[in-house]
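Reviewing the structure listed below.
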Amino acid sequence: MNLFCVGLSHHTADVETLERFGGNAETDCVLRNSGCNEALVLSTCNRVEVYAAADNFVPTEQIARCLSRTQNLHGNETFYRFEGPDCVKHLFRVASGLDSMVVGETEILGQAKKAYEAARIVGAAGKYLHRLFQRAFRVAKQVRTHTEITRGAVSVGSVAVDLAQRIFGDLRTCKVLVLGAGETSERTVRSLVSRGVNDLRVSNRSPERAEALALCVKGRAIPFEKWPEQCAEIDILITSTSSDVPLVSQGKLAPMLRHRIDRPLFIIDIAVPRDVAPDVNALDGVYLYDIDALQSIAEQSLAMRREQIAAAEKIIAQHVAEFAESTACGLSRGVGVAEHPSVGERSLRASES
Amino acid sequence: MVAIVHTIGEMRGGIFRPMRFNFFAVGLGFIFQTAFLSVRGHALGRCPITNLFEVIVFVAWSIALFYMVIGPAYRLSLMGAFTAPLVVLLQLFALFAQIDRPHPVKLPANAWLEFHASMSLVAYGAFALACIAGVMYLVQERQLKTHELHSIFYHLPPLTDLFAAIMRLLWWGFALYTPGLISGFFVGEPLPWAQIICAIGVWILYGLILQGRYLRWFAPKRVAALCIVGFSAALTLLWGITFSTQTHTP
Chain A
1 MNLFCVGLSH HTADVETLER FGGNAETDCV LRNSGCNEAL VLSTCNRVEV
51 YAAADNFVPT EQIARCLSRT QNLHGNETFY RFEGPDCVKH LFRVASGLDS
101 MVVGETEILG QAKKAYEAAR IVGAAGKYLH RLFQRAFRVA KQVRTHTEIT
151 RGAVSVGSVA VDLAQRIFGD LRTCKVLVLG AGETSERTVR SLVSRGVNDL
201 RVSNRSPERA EALALCVKGR AIPFEKWPEQ CAEIDILITS TSSDVPLVSQ
251 GKLAPMLRHR IDRPLFIIDI AVPRDVAPDV NALDGVYLYD IDALQSIAEQ
301 SLAMRREQIA AAEKIIAQHV AEFAESTACG LSRGVGVAEH PSVGERSLRA
351 SES
Chain B
1001 MVAIVHTIGE MRGGIFRPMR FNFFAVGLGF IFQTAFLSVR GHALGRCPIT
1051 NLFEVIVFVA WSIALFYMVI GPAYRLSLMG AFTAPLVVLL QLFALFAQID
1101 RPHPVKLPAN AWLEFHASMS LVAYGAFALA CIAGVMYLVQ ERQLKTHELH
1151 SIFYHLPPLT DLFAAIMRLL WWGFALYTPG LISGFFVGEP LPWAQIICAI
1201 GVWILYGLIL QGRYLRWFAP KRVAALCIVG FSAALTLLWG ITFSTQTHTP
């Protein structure tokens, strides 16, 4: 039995190509028309892959046609193909988030689990794919536990939320004031709401926009001239106004803080130019993060994750060897490892390096 | 020691997950400490705090005890990574400083004296842990202020949780130290004035920290720093007592 994987990913294809194939991909259709004994389609916004087991060699074009549901391919698709141990290794890397656009992201594991479940329900995943995917889930869990590949937030919004949790722990009791009802602040607020924040106040020069955002996030609008009064009560201040001069300065904030000496104040300034004067960070109990600081932390986290790749690869290599030994299907390298040598495995490896 | 080696190993490897392992490592150490103190107590026929060696072991034991109680309860398991070095340092000093000299005079058991000494030393355990939590708070606060987040940042508890733990430990320490201090007046032996003044001074210092916090004189960062100052003062007092006052040593 040959175990192989054919696919496209963000390494080898643009979004349009991924949409074209991913939009049509269905496991039972691939299984029915490709001649495989078992098949599973993993389709996400960054990849479309078919994992399959077959008695005979199944050409890559055959799989590609099944994915596109047409007989005619454009000819510029850069499908890669992995067989035997390479296929196993590739899946383990994918499930562990090593092959993802954002290294270490964990969403892919959930997507892989869903894909496996869908294939199992329609009877497309048999004992080979079952064994392979169960092992992949185990490997992903081990990689996550034994390395820091998932550590730290890697987007501005998630860094802000992560920092808020590092300061306050439970965000459910936090009071948040949003100054400026722009798109960026809305995204950050939504991230905070998803982590349990439920006391939200929105203030904007245009009261209609403040009302609209407040309605969206189940908060309440505050007249713009009254926002300073809120500083004695709130825990988190998000600013994103288009003001040319800083709205919050040390001189303005210090008297308000005297009434709240026991509670920290986390200020997220995502405005450009900045709404909060940098010297505000020097105040006791105030933690000011502007867009540069947030981006820098996101980059640090990403770099930290990349440092963990070697450790993760080691774990994966061990599991690939064990899997190859334990499996009865004989995971040998197939004859046609890359049917499209110019765009296949080599191009993938080149894009990863 | 095992907890320290494990923590250093993980930090060198860029992974820092000392939570459960450190808890069990400190727990195992605590069992050995308890066994030692029990054997020594049976041999002496009294609470084993008759010389500096035993006092240090007793303090290390009470630190481990508070960590076991406080750590998991307030999700401060990382405290083990900070507690273990302090306990190991105390134990190593006690072991190698050749201070395990039997008391020249076998004093009769004095219930008040033993109550006073043991309560005070257990209170020291709480103050020590408050000091450790204070260090953790300052480390976390510094990283948040400077925007330089290291691996340890992601394992330290949130600032507000740490501060809550500091306050609880201070209250525990103060609540234990107060009867310990009062019982010192009932031991039936004359005590040096310097010792009494220092002991009351430590009590006032911790009382001021708590009162200052209650009246919101001090910001959390100041309280964390004062915990370190307070424990240093308490440790100096303990040192002074065990060295200078032979008659007061049970």
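Residue numbers (our numbering), protein chains in the order written: chain A, 1 to 353; chain B, 1001 to 1250.
Quick reminder that beta carbons are idealized off the backbone N, C-alpha and C, glycines included.
Need the endpoints of the beta strand (DSSP E) that residue i sits in, please.
| i | result |
| --- | --- |
| A/Arg47 | 47–54 |
| A/Thr27 | That residue, A/Thr27, is in no beta strand (DSSP E); its alpha helix (DSSP H) goes 27–34. |
| A/Ala269 | The sequence shown places Asp at residue 269 of chain A, rather than the Ala named in the question. Taken as a continuous stretch (DSSP letters only), the beta strand (DSSP E) holding A/Asp269 covers 265–269. |
| A/Arg201 | 199–203 |
| B/Leu1215 | B/Leu1215 -> no beta strand (DSSP E), and no H or E assigned at all. |
| A/Ser43 | 38–43 |
| A/Ala324 | Not the beta strand (DSSP E): A/Ala324 falls in the alpha helix (DSSP H), residues 309–326. |
| A/Arg220 | 220–222 |
| A/Leu177 | 175–179 |
| A/Leu288 | 286–290 |
Closer than 8 Å, CB to CB, is residue i near chain B or not?
| i | result |
| --- | --- |
| A/Arg151 | yes |
| A/Asp99 | no |
| A/Asp262 | yes |
| A/Cys329 | With a pLDDT of 49 at A/Cys329, under the threshold of 50, the predicted position of this residue should be treated as unreliable, though the coordinate-derived value follows. Judged by the 8 Å Cβ criterion, A/Cys329 is not in contact with chain B. |
| A/Ser296 | yes |
| A/Phe168 | yes |
| A/Ser332 | Caution applies to A/Ser332, whose pLDDT of 47 falls short of 50 and renders its modelled position unreliable; the value that the coordinates give is listed next. No, because no Cβ of chain B sits closer than 8 Å to the Cβ of A/Ser332. |
| A/Tyr128 | no |
| A/Tyr289 | yes |
| A/Ala281 | Going by the sequence as given, residue 281 of chain A is Asn instead of Ala. For A/Asn281, the answer is yes, since a Cβ of chain B falls inside 8 Å of its Cβ. |
| A/Asp86 | no |
| A/Asp284 | yes |
| A/Gln300 | yes |
Quick one, which of the options has its alpha-carbon nearest residue i's?
| i | options | result |
| --- | --- | --- |
| B/Gln1140 | B/Leu1162, B/Met1119, B/Ala1128, B/Ala1043 | B/Leu1162 |
| A/Ala221 | A/Glu148, A/Glu233, A/Pro207 | A/Pro207 |
| A/Gly152 | A/Arg263, A/Glu299, A/Ala310, A/Ala321 | A/Glu299 |
| A/Ser301 | A/Gly219, A/Ala52, A/Leu132, A/Ile149 | A/Ile149 |
| A/Phe57 | A/Asn46, A/Leu67, A/Ser34 | A/Ser34 |
| A/Gly104 | A/Ala124, A/Val143, A/Cys66, A/Glu117 | A/Val143 |
| B/Leu1065 | B/Gly1045, B/Asn1051, B/Val1122 | B/Val1122 |
Specify the secondary structure class of residue i as computed by DSSP and reduced to three states.
| i | result |
| --- | --- |
| A/Ala124 | coil |
| B/Thr1236 | helix |
| A/Arg138 | helix |
| A/Ala277 | coil |
| B/Ile1197 | helix |
| A/Cys396 | With chain A covering 1 to 353 only, the question about residue 396 of chain A has no answer from this structure. |
| B/Val1135 | helix |
| A/Thr239 | strand |
| B/Val1059 | helix |
| A/Val248 | strand |
| B/Phe1023 | helix |
| A/Arg65 | helix |
| A/Phe82 | strand |
| A/Arg20 | helix |
| A/Met101 | coil |
| A/Thr12 | coil |
| B/Gln1098 | coil |
Give the interface partners of residue i over in chain A, defined as CB-CB distance under 8 Å, in chain order.
| i | result |
| --- | --- |
| B/Tyr1214 | Simply none; closest approach about 10 Å. |
| B/Leu1144 | Leu163, Arg166, Ile167, Tyr287 |
How would you list, in chain order, the residues of chain A whose beta-carbon sits under 7 Å from the beta-carbon of residue i?
| i | result |
| --- | --- |
| B/Thr1083 | Those do not exist, as B/Thr1083 stays about 21 Å from chain A at its closest Cβ, beyond 7 Å. |
| B/Tyr1154 | Arg151, Gly152 |
Answer yes or no: does any C-beta atom of chain A fall closer than 8 Å to that of residue i?
| i | result |
| --- | --- |
| B/Tyr1067 | no |
| B/Tyr1137 | no |
| B/Leu1159 | yes |
| B/Ala1219 | yes |
| B/His1147 | yes |
In the DSSP assignment, find the unbroken alpha helix (DSSP H) run with residue i in it and report its ends.
| i | result |
| --- | --- |
| A/Ala214 | 207–216 |
| A/Phe168 | 156–168 |
| B/Ala1164 | 1159–1183 |
| A/Arg190 | 183–194 |
| A/Pro228 | 227–230 |
Residue i versus chain A: which residues are under 9 Å apart at the beta carbon?
| i | result |
| --- | --- |
| B/Tyr1206 | Those within 9 Å of B/Tyr1206 in chain A number zero; the least Cβ separation is about 19 Å. |
For residue i, which residues in chain B fall below 7 Å Cβ to Cβ?
| i | result |
| --- | --- |
| A/Ala293 | His1147 |
Can you list the residues of chain B that residue i reaches, using a CB-CB cut of under 9 Å?
| i | result |
| --- | --- |
| A/Asp199 | Here the premise fails: no neighbours, minimum Cβ distance about 16 Å. |
| A/Gln250 | Chain B residues near A/Gln250: none, gap ~14 Å exceeds 9 Å. |
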